[in-house]
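Undergrad: Questions regarding the structure given below will be posed in turn.
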Amino acid sequence: MMIQAADLLSSNKNPSEDEIRTAMNGHLCRCGTYPRILTAIQQAAAAMRKAGA
């Protein structure tokens, strides 16, 4: 999941929720924390934009 999220953010600095969901589609996580993962990716994107990455 982390590699897929990093790949998404390297090519899209401001992904929408739908784009994040599409990129993460196919990953199974038994922990049930998909909403938190989605939020974390959104927060990482915002931090990267702020830092100018």
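Numbering (our numbering), first residue to last: 5 to 57.
The beta-carbon is built from N, C-alpha and C at its ideal position, and this holds for glycine as well.
(1) Where does the unbroken alpha helix (DSSP H) through THR37 begin, and where does it stop?
(2) To the nearest angstrom, how far is it from the Cα of ASN5 to the Cα of ILE24?
(3) Determine, using beta carbons only, whether LEU13 and ALA55 come nearer to each other than 8 Å.
(4) Along the chain, where does the alpha helix (DSSP H) that runs through LEU32 open and close?
(5) Under three-state DSSP, which class holds MET6?
TA: Let's see:
(1) Against the sequence shown, residue 37 aligns to sequence position 33. Element bounds for THR37: n/a, residue is neither H nor E.
(2) In the sequence shown, counting from the first residue as 1, residue 5 sits at position 1. In the sequence shown, counting from the first residue as 1, residue 24 sits at position 20. Checking the displayed sequence, the identity of residue 5 turns out to be Met instead of Asn. MET5 and ILE24: Cα-Cα distance of roughly 11 Å.
(3) Sequence index remark: in the sequence shown, residue 13 carries index 9 (1-based). Sequence index remark: in the sequence shown, residue 55 carries index 51 (1-based). Contact annotation: LEU13 and ALA55 have beta-carbon atoms that are not nearer than 8 Å.
(4) If you number the sequence shown from 1, residue 32 lands on position 28. Counting along the chain, LEU32 falls outside any alpha helix (DSSP H), and DSSP gives it neither H nor E.
(5) The sequence position of residue 6 within the sequence shown is 2, counting from 1. Helix, per DSSP.
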